[in-house]
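A short worksheet on the structure shown next.
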Amino acid sequence: MGVNAFSNEQQNTDNGLEAGRCRPPRQWRDDPVPEKVDVDSLSDLATPWSLRVVVTLGVAEQLAAGVTEIGDLARHVECDRDCLARVLRHLVGKGVFEEPVEGEFALNEAARSLLRSGPLRGLALDGHGGRSATAWNGLLATVRTGQPGYQSVFGRSFWADLDADSDLAASYDANMGRRAGEASDPAILLDDAWTHVGHVVDVGGGTGETLAEILRVRPTVRGTLVDLPRTVARSTEVFAAAGVADRAAVQGQSFFDPLPAGADVYLLKRLLLDWPDEQAVALLTRCAEAAAPHGRVVVVGGVSPGRAAASAGLLMMVQTGGKPRTLDEFRGLAARAGLAVTASGHSPSGQFVAECRPEAGSTARKANALR
Numbered sequence: 192m193g194v195n196a197f198s199n200e201q202q203n204t205d206n207g208l209e210a211g212r213c214r215p216p217r218q219w220r221d222d223p224v225p226e227k228v229d230v231d232s233l234s235d236l237a238t239p240w241s242l243r244v245v246v247t248l249g250v251a252e253q254l255a256a257g258v259t260e261i262g263d264l265a266r267h268v269e270c271d272r273d274c275l276a277r278v279l280r281h282l283v284g285k286g287v288f289e290e291p292v293e294g295e296f297a298l299n300e301a302a303r304s305l306l307r308s309g310p311l312r313g314l315a316l317d318g319h320g321g322r323s324a325t326a327w328n329g330l331l332a333t334v335r336t337g338q339p340g341y342q343s344v345f346g347r348s349f350w351a352d353l354d355a356d357s358d359l360a361a362s363y364d365a366n367m368g369r370r371a372g373e374a375s376d377p378a379i380l381l382d383d384a385w386t387h388v389g390h391v392v393d394v395g396g397g398t399g400e401t402l403a404e405i406l407r408v409r410p411t412v413r414g415t416l417v418d419l420p421r422t423v424a425r426s427t428e429v430f431a432a433a434g435v436a437d438r439a440a441v442q443g444q445s446f447f448d449p450l451p452a453g454a455d456v457y458l459l460k461r462l463l464l465d466w467p468d469e470q471a472v473a474l475l476t477r478c479a480e481a482a483a484p485h486g487r488v489v490v491v492g493g494v495s496p497g498r499a500a501a502s503a504g505l506l507m508m509v510q511t512g513g514k515p516r517t518l519d520e521f522r523g524l525a526a527r528a529g530l531a532v533t534a535s536g537h538s539p540s541g542q543f544v545a546e547c548r549p550e551a552g553s554t555a556r557k558a559n560a561l562r
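Just so you know, we're using the working numbering here: the sequence shown kicks off at 192 and counts up by one.
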């Protein structure tokens, strides 16, 4: 088996109330709430913005290179000495960085995560991360209207912003590519039965990191990457680096247009998270149309067996109107698209996977509705 847990739809987990207890089941709750909550600390903006400033300036890189005295450090990152010292001392007080001698700063374990090569490089304000940070100013508009607040902050929608700003789009694509590369789990099929799989279409697969890993470990499989032309432009080097260029095809298009037909698997990895229900149904309908009658639609990420943590998806709510969904919610969307959820479970990396197949007789009707 290629997964840690596998469940047919006939073996659904009981999501009801725990026996004898009038409270939601465990998977409906966030992590336990602390007995004492420091609301003032929770509302503090100084720390998150200070972290973003030092990442943007490359302070951790300078410290790693041996530039530790505050005057030298300020000159290397081209900023005001006193202001930089105040920001760093605030972070020292939070356990990020050290000041072993007055005016001399050093990395500690927490600060090393702020290196541009580290996991928090996306905090930098000079790219997509900065745009996302500022987008939180639209949360009030989102809550008031039910629509993405991104446009109230930047004057255009998230997707229109990427279309209009090539540098922002490149930063976004690079960030998505890094995330896909760091979590490129090739075990996307719950039964791990690849014998009859010859062709995988990665829908909205970005720059191709996930598809490249699938093809690398499955030498008899060929793949097609579908995403916008600007996004797939870098996939050639990704496929070449993985040694799979001869089995990888690229189709630059909107995934709301008709997809390449007749593949065995249509993969949607973390894609539905970005879209409200109506667009999610339209996307799934395109997959159902292309997969009929014998293909599978495999959704990885964005669907969970129980209620997602309350904090999950808030930024997507502000930026695009997308959201995570429970398996039951996803099952409803799939049915509207002419798909039946046939299996669900967790991949080895812990991501929840839902597999669907086209329902006989419904796919053509759903596809015609899109035309």
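For every residue, glycine included, the Cβ atom is placed at its ideal position computed from N, Cα and C.
Which of the three DSSP states is assigned to residue i in this structure?
i, result
"residue 461", "coil"
"residue 386", "coil"
"residue 485", "coil"
"residue 380", "coil"
"residue 520", "helix"
"residue 259", "coil"
"residue 428", "helix"
"residue 348", "coil"
"residue 416", "strand"
"residue 239", "helix"
"residue 308", "coil"
"residue 226", "coil"
"residue 495", "strand"
"residue 287", "coil"
"residue 455", "coil"
"residue 393", "strand"
Could you give the residue range of the beta strand (DSSP E) that holds residue i?
i, result
"residue 543", "543–549"
"residue 296", "295–297"
"residue 439", "439–443"
"residue 531", "530–537"
"residue 283", "Run containing residue 283: none in the beta strand (DSSP E); it sits in the alpha helix (DSSP H), 272–284."
Nearest CA to the CA of residue i: which residue from the options?
i, options, result
"residue 273", "483, 283, 261", "261"
"residue 426", "278, 442, 476, 326", "442"
"residue 315", "282, 249, 346", "249"
"residue 420", "413, 463, 364", "364"
"residue 302", "254, 331, 385, 333", "254"
"residue 404", "533, 358, 438, 347", "438"
"residue 543", "533, 524, 518, 550", "518"
"residue 409", "298, 422, 388", "388"
"residue 545", "492, 340, 498, 321", "492"
"residue 503", "496, 452, 515, 466", "515"
"residue 332", "407, 511, 474, 422", "511"
"residue 401", "460, 349, 390", "460"
"residue 384", "337, 306, 469, 412", "412"
"residue 380", "345, 534, 414", "534"
"residue 367", "462, 337, 329", "462"
"residue 507", "479, 495, 473, 466", "466"
"residue 298", "264, 337, 234, 407", "264"
"residue 490", "257, 498, 423, 538", "538"
"residue 320", "227, 423, 235, 240", "240"
"residue 269", "286, 244, 235, 478", "244"
"residue 415", "423, 422, 440, 424", "440"
"residue 344", "294, 488, 330", "330"
"residue 474", "271, 428, 417", "417"
"residue 494", "481, 532, 478", "532"
"residue 572", "482, 541, 523, 521", "For residue 572 there is no data in the structure shown, the boundaries of the chain being 192 and 562."
Between which two residues does the alpha helix (DSSP H) carrying residue i extend?
i, result
"residue 325", "319–326"
"residue 302", "300–303"
"residue 505", "505–510"
"residue 336", "330–336"
"residue 404", "400–408"
"residue 435", "Taken as a continuous stretch (DSSP letters only), residue 435 belongs to no alpha helix (DSSP H), as it is neither H nor E."
When every heavy atom of the ligand NAP is checked, does at least one fall within less than 7 Å of the C-beta of residue i?
i, result
"residue 442", "This structure lacks the ligand NAP, and indeed carries no ligand of any kind."
If contact is defined by three or more beta carbon pairs under 8 Å, each pair taking one atom from either stretch, is the region 425–435 in contact with the region 452–459? no
Segment contact, 8 Å Cβ cut-off, at least three pairs: the region 526–534 with the region 353–361: no
May I ask you to verify whether the region 378–395 touches the region 445–452, counting CB pairs closer than 8 Å and requiring at least 3? yes
Three or more beta-carbon pairs under 8 Å between the region 272–292 and the region 323–336, yes or no? no
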